[in-house]
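Notes to accompany the following structure.
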Amino acid sequence: MNKQWNGLLFDLDGVLVDTAKYHFLAWKQLADRLGIPFTLKDNERLKGVSRMASFEIILEIGGRSMTQEEKEACCAEKNAIYVEYLKKLREDELFPGVRDFMEDARKKGYKTALGSASKNSMMILERLGITDLFDAIIDGTKVSAAKPDPEVFTAGARELGLRNEECIVFEDAVAGVEAAHRGGMAAVGIGTREALPKAEIVIPGLNGYHIEDITRLLAESGV
Ligand code: BG6
Ligand code: MG
């Protein structure tokens with residue numbers, strides 16, 4: 000018998016919207032000021048990682064160290080630059096198919112939650128006009144443990160009133176896939192199989208998919 004899925008938990012950056020490019024531009028501006036070389040390839044390492052952990056990776060790339068206070072000032076500086084980009088975020092920057100996929104799944108009775116590390120989640124959801132597509136919103140302001148800790152997803156399932164095993168996580172980051180698994184949930188990778196080797200299934204994006212395609216692919220993968 001096929002498994003009964005009732006909850007869908009979505010990462011934000013890289014799953015619903017391409018904010019990675021703005022994170023990159025903001026980190027790059029800070030790194031340039033600090034004289035630390037920072038490339039798009041380096042930026043891949045920051046996906047799904049918290050703001051402070053991201054900066055620590057940049058310091059490691061530059062072979063530099065700072066006091067906690069200095070690090071916090073740099074993170075605040077980066078966030079101020081990032082927020083300026085977010086103020087200009089347009090509704091059409093929502094990835095294609097996201098709204099249709101979520102509205103269709105909700106009509107079919109699935110509960111939806113956001114599970115994002117970002118402390119800017121609410122602003123992004125509002126700019127994209129999709130706040131009302133979620134029954135629960137768990138973000139970096141509500142949980143302290145960063146992915147791959149499962150807290151952001153287990154808190155989402157709890158707020159939806161569901162067991163972890165009833166939930167499917169949509170993730171573009173390795174740390175997020177691991178968080179889903181540690182929470183006892185199935186992970187749908189958004190991206191490539193190469194980048195997300197551990198996800199149960201991988202799709203390039205939500206565009207063109209319906210929830211029943213996802214549950215069928217999960218069943219075929221043996222979940
Ligand atoms: C994640 C992003 O969703 O949020 C990371 O993938 C980012 O790149 C993290 O560092 C924290 O975001 P913010 O908006 O709180 O700095
Ligand atoms: Mg992400």
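Numbering that gives the first Met the number 0 puts the last residue of the sequence shown at 222; the count rises by one with no breaks. Beta carbons are placed, not taken as given, at the ideal position from N, Cα and C, and that holds for glycine.
Return yes when at least one heavy atom of the ligand MG lies under 6 Å from the C-beta of D10, else no.
Translated into positions along the sequence shown, residue 10 becomes position 11. At least one heavy atom of the ligand MG is nearer than 6 Å to the Cβ of D10, so yes.
Measuring alpha carbon to alpha carbon, tell me which residue in A185, M51, E59 and L161 is nearest P36.
Working through the sequence shown from its first residue, we reach residue 36 at position 37. Ranked by Cα distance from P36, the first of A185, M51, E59 and L161 is E59.
On the DSSP letters alone, give me the boundaries of the alpha helix (DSSP H) that E158 sits inside.
For this step, residue 158 is matched to residue 159 along the sequence shown. Here the alpha helix (DSSP H) through E158 covers E150 to L159.
My parser needs the alpha helix (DSSP H) runs of 4 or more residues fully inside the region 18-73; what are they?
If we require 4 residues or more, the alpha helix (DSSP H) runs fully inside the region 18-73 come out as 19-33, 39-43 and 50-61.
How is G182 classed by DSSP in three states: helix, strand or coil?
Reading the sequence shown from its first residue, position 183 is the one you call residue 182. G182: coil per DSSP, three-state reduction.
Is the beta carbon of L11 closer than 7 Å to that of S143?
In the sequence shown, the residue the question calls residue 143 occupies position 144. In the sequence shown, the residue the question calls residue 11 occupies position 12. No, Cβ-Cβ distance for S143 and L11 is not below 7 Å.
Is there at least one Cβ from chain C nearer than 7 Å to D12's Cβ?
In summary, chain C is missing from the structure at hand, where a single protein chain is found.
With distances taken between CB atoms, is the gap from A152 to G114 smaller than 7 Å?
One-based indexing of the sequence shown puts residue 152 at position 153. One-based indexing of the sequence shown puts residue 114 at position 115. In the sequence as displayed, the identity of residue 152 is Phe instead of Ala. In contact: F152 and G114 (Cβ atoms closer than 7 Å).
How far does the beta strand (DSSP E) with F9 in it extend, from its first residue to its last?
Looking up residue 9 in the sequence shown gives position 10. Start and end: G6 to F9.
Take D17 as the anchor and find which of I210, V97 and T38 has the nearest alpha-carbon.
For this step, residue 17 is matched to residue 18 along the sequence shown. Here the closest residue by C-alpha is V97.
Determine the direct distance from the alpha carbon of H209 to that of E69, and round the result to whole angstroms.
The residue you call residue 69 lines up with position 70 of the sequence shown. The residue you call residue 209 lines up with position 210 of the sequence shown. Cα to Cα, E69 sits roughly 47 Å from H209.
Per DSSP, V168 is paired with what?
Residue numbering aside, residue 168 sits at position 169 when the sequence shown is read from its first letter. Listed as beta-bridge partners of V168 by DSSP are L8 and A186.
Note down, in chain order, each residue of its chain lying with its Cβ closer than 8 Å to the Cβ of G223, except the 5 sequence neighbours on either side.
No answer is possible for residue 223: it lies beyond the span of the chain, which begins at 0 and ends at 222.
Which stretch, first to last residue, makes up the alpha helix (DSSP H) that contains V142?
Taking the sequence shown and counting its residues from 1, the one referred to as residue 142 is at position 143. Here V142 belongs to no alpha helix (DSSP H), and DSSP marks it neither H nor E.
Neighbourhood of M121 by C-beta, 6 Å cutoff - its chain only, sequence neighbours within 5 removed:
Looking up residue 121 in the sequence shown gives position 122. Answer for M121: no residue qualifies.
Note the first and the last residue of the continuous alpha helix (DSSP H) segment covering L205.
Mapped onto the sequence shown, residue 205 falls at position 206. Note, L205: premise wrong, no alpha helix (DSSP H); not H, not E.
Between the region 126-137 and the region 50-67, can you find at least three pairs of beta-carbon atoms closer than 8 Å?
Between the region 50-67 and the region 126-137 there are fewer than three inter-stretch CB-CB distances shorter than 8 Å, so the stretches are not counted as touching.
Could you tell me if R89 is buried or exposed, where buried requires 16 or more neighbouring beta carbons within 10 angstroms of its beta carbon?
The residue you call residue 89 lines up with position 90 of the sequence shown. Exposed.
Would you tell me roughly how many angstroms separate the C-alpha atoms of L216 and Q3, rounded to the nearest one?
The sequence position of residue 216 within the sequence shown is 217, counting from 1. The sequence position of residue 3 within the sequence shown is 4, counting from 1. Taking the straight line joining both Cα atoms gives about 14 Å.
Distance, Cα to Cα, V176 vs G34?
To locate residue 176, count along the sequence shown from 1; it is residue 177. To locate residue 34, count along the sequence shown from 1; it is residue 35. About 33 Å.
Within 6 Å: the Cβ of A156 and any heavy atom of the ligand BG6?
Taking the first residue of the sequence shown as 1, we reach residue 156 at position 157. Checking every heavy atom of the ligand BG6 against the Cβ of A156, none is found closer than 6 Å.
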